[in-house]
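Chemist:
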Amino acid sequence: MLNYNLGLDYAKEQDSIDHLSNYRNQFHIPKDKYGKDVIYLCGNSLGLQPKLTKTYINQELEDWKNLGVDGHFEAKNPWLDYNKLLIKNMAHVVGAKPIEVVVMNTLTTNLHLMMVSFYQPTKSRYKILIEKDAFPSDKYAVESQLRHHGYDDKESLILWEPRKNEALNRYEELEAILKNQGHEIALIMIGAINYYTGQYFDLKHITTLAHQYGCKVGFDCAHAAGNVQLNLHDSGVDFAVWCTYKYLNAGPGSLAGCFVHERHAYKKELNRFTGWWSHNKETRFKMRDNFDVIPGAEGWQLSNPPILSMAAIKASLELFNEVGIEKLTEKSKSLTGYFEFLVNKLNNNAIKIITPNNPNERGCQLSIQVKNANKSLHKKLTEASVVCDWREPDVIRCAPTPLYNSFTDVYFMVEKLKKLINE
Ligand SMILES: *Cc1c(COP(=O)(O)O)cnc(C)c1O
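Numbered according to our numbering, the sequence shown spans residues 67 to 489.
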C-alpha cells in the first residue's frame, strides 16, 4: 500500500516527480467550453489521439497519392507486409511472442474466428462458460455460436456469477462449476478485465484450471491490453482478442489484436475460416496455389488490411514501446491508488468502489457505485468538464490512464464529485 496525502499541493508535487508526465504533451486533450483541458477519464472507452497519429496517417496518404498501387512495395512502409511493423511492439504490450500475434478485423469478428477454431463442440462436450455480466458483444457472440452449432443458447451457456450481494467473481465458484460440469464445457471465454467492475482475473490460474478439465480457454482483453502487464504466452491461454481503440489509443473502430498460443502455431489441420491473407506470403500472388496456411496467428487473417488504421496503431504502439508497459503499469498503480485514497477519504456512505482494492487485481479503472444516484450525476460531472462514463444502474467508471492523465486530473475529479454528491 502506497502512502498518499490530501490536498492540491500533494497532487502537483506528484506530477512534478512523475517521469511520464511529459507524455501528456504527446496527446491531444479535448477542451471544455472555456477552452481548458477536460479531465478525460474515458480511456477505457476511447483512448485519446497521439499527436504522432496524424503524421503517420499522412505518410500513407502521401504514398498512396504519389505511388498508387506501387505503394504496396515502394511506400516508405510497404503496405504488403505492414502487419510486420506492428507485431513486435504489439507482442510486447500483451506479453506474447511475435508468432502469436496479429492485427486484423475488429474484436468481435476475431472472437468469432477464434471460436471457429477453438469451440469445437462434441456430443458430450459442447457448453460455453462466460462470466455473468460479460460485455454484451461477447455474450451475443457466444450465444450465436451455440445456436450455429444447433445448441440451445440458454441451456448450453454457463454463467460464472458473483455470490449474492457481492460484485466480484470468486475462483471457488469457478472451480465448483468445473467440478460439476467441466467435462461438458468446450470453451471458457472470460473478459480478462471485466468492463463493469474492473476486476482483473488471474489468467494463468483460470487457464490452468480449465485445461485440467479439458476445456479450451479464450480471453477478451479489450480492457486489459495497454492497461495491465499481460503475459498471454505465459498464461497458456489458447487464444485472446482485444481492440485497439480503448487503452491502445488507435482511434475509433480501429483494427483489433488477436493472439493464438504458440502450441497451435503449426497445427495446419485446425479448423478455421480462411482467405488469401492466411495463405503463404511467398506464393500468395501466384493466385492459383492450393491453400497453404501461414504458421502462427497470421494464419487467421482473411483480407488485406486497412493501412490507414494500421498507421494509427503503429504510432500508438511506438509510444507504448518507448515507455514500456512495465513503467506504465507502475505509474498506473500509483495513480489509481491515489484515486482510490481520495474517494475513500470522502467518507461518504453513498459511495462504494466495487473494483478490487488489491492493485494486482485491477487495472487503472475504478468503478464507483453511487447509492440512489441516477444518470443526472453523470450529466453534472460532464458539465463540470469531467469525461467519464455511466453504467446502469448506478456506476460511474473512471479510468485515469498513465500515459496522459495526471495526479491533478484525479484530484480535481474527486473534488468535483464531492461537491456534486453533497449538493
Ligand atoms: C469494447 C469491448 C468490445 C467491443 O467489441 P468491438 O467488436 O470492438 O465493437 C467487446 N468486448 C469487450 C469486453 C469490450 O470491452
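Backbone N, C-alpha and C define an ideal beta-carbon position, used for all residues, glycine too.
(1) What alpha helix (DSSP H) runs, 4 residues minimum, are completely inside the stretch 332 to 392?
(2) On the CB-based measure, 16 or more other CB atoms within 10 Å of its CB, does D129 come out buried or exposed?
(3) If you drop the 5 nearest sequence neighbours on each side, which residues of the same chain put their C-beta closer than 6 Å to that of L212?
(4) At a cut-off of 8 Å, is G280 close to ligand 1 when judged by its beta-carbon and the heavy atoms of the ligand?
(5) Within the same chain, show all residues whose beta-carbon is closer than 6 Å to that of A331, passing over the 5 residues directly before and after it, in chain order.
(6) Does DSSP put K411 in a helix, in a strand, or in coil?
(7) Quick check: what's the CA-CA separation for I434 versus V182?
(8) Identify which residue in A77, K230, K189 and K441 has its Cα closest to the Cα of G216.
(9) Can at least three beta-carbon pairs, one atom from the stretch 315 to 325 and one from the stretch 372 to 390, be found at a separation below 8 Å?
(10) Compare the beta carbon distance of Y262 and R457 with 9 Å and say whether it is the shorter of the two.
(11) Can C309 be considered in contact with ligand 1, in the sense that its beta carbon sits closer than 8 Å to one or more heavy atoms?
(12) Runs of 3 residues minimum, wholly inside the stretch 120 to 185: which ones carry the beta strand (DSSP E) assignment?
(13) For a test of the three-state rule: what should DSSP assign to G317, helix, strand or coil?
(14) Exposed or buried, R463, counting other C-beta atoms within 10 Å across all chains shown (16 or more means buried)?
(15) Put R191 into one of helix, strand or coil per three-state DSSP.
(16) What separation, rounded to the nearest whole angstrom, lies between the Cα atoms of I391 and A291?
(17) Does DSSP put D286 in a helix, a strand or coil?
(18) Any idea if H271 is buried or exposed, counting beta-carbon neighbours within 10 angstroms, 16 or more meaning buried?
(19) Put N204 into one of helix, strand or coil per three-state DSSP.
(20) DSSP three-state call for R229: helix, strand or coil?
(21) So, with DSSP's three-state summary, where would you put G403?
(22) Where do the ends of the alpha helix (DSSP H) carrying S472 lie?
(23) State the start and end residues of the unbroken alpha helix (DSSP H) segment that holds L298.
(24) Do L275 and E241 have their CB atoms nearer than 9 Å?
(25) At a cut-off of 8 Å, is F325 close to ligand 1 when judged by its beta-carbon and the heavy atoms of the ligand?
(26) At a cut-off of 8 Å, is G277 close to ligand 1 when judged by its beta-carbon and the heavy atoms of the ligand?
(27) When the Cα atoms are used, what is the spatial distance from L321 to Y311?
(28) Within a Cβ cutoff of 6 Å, which residues of the same chain sit near N155, ignoring the five residues on either side of it in sequence?
(29) Is the separation between the beta-carbon of D475 and that of L112 shorter than 9 Å?
(30) So does F201 have its beta carbon nearer than 8 Å to some heavy atom of ligand 1?
(31) Please report the distance separating the alpha-carbon of T273 from that of M255.
(32) Between the beta-carbon of I420 and the beta-carbon of A233, is there less than 9 Å?
(33) Should the stretch 475 to 485 be regarded as contacting the stretch 402 to 418, the criterion being three or more beta carbon pairs within less than 8 Å?
(34) Considering just the uninterrupted stretch of the beta strand (DSSP E) at L432, what are its terminal residues?
(35) Which word fits F364, buried or exposed, when buried means at least 16 other C-beta atoms lie within 10 angstroms of its C-beta?
Modeler: Reading from the atomic positions:
(1) 373 to 389
(2) buried
(3) D219 and S222
(4) no
(5) I165, P361 and G362
(6) helix
(7) 37 Å
(8) K189
(9) yes
(10) yes
(11) yes
(12) 167 to 170
(13) coil
(14) buried
(15) coil
(16) 10 Å
(17) strand
(18) exposed
(19) Residue 204 is actually Asp in this sequence, not Asn. Residue state, collapsed to three classes: helix.
(20) coil
(21) helix
(22) S472 -> no alpha helix (DSSP H), and no H or E assigned at all.
(23) L298 to S301
(24) yes
(25) no
(26) Here residue 277 is His; the residue named in the question, Gly, does not match the sequence. H277 Cβ: outside cutoff for every heavy atom of ligand 1.
(27) 8 Å
(28) L383 and N387
(29) no
(30) yes
(31) 10 Å
(32) yes
(33) yes
(34) L432 to V436
(35) One point to set straight first is that residue 364 is Glu, not Phe, in the sequence displayed. Answer is buried; the Cβ neighbour count reaches 16.
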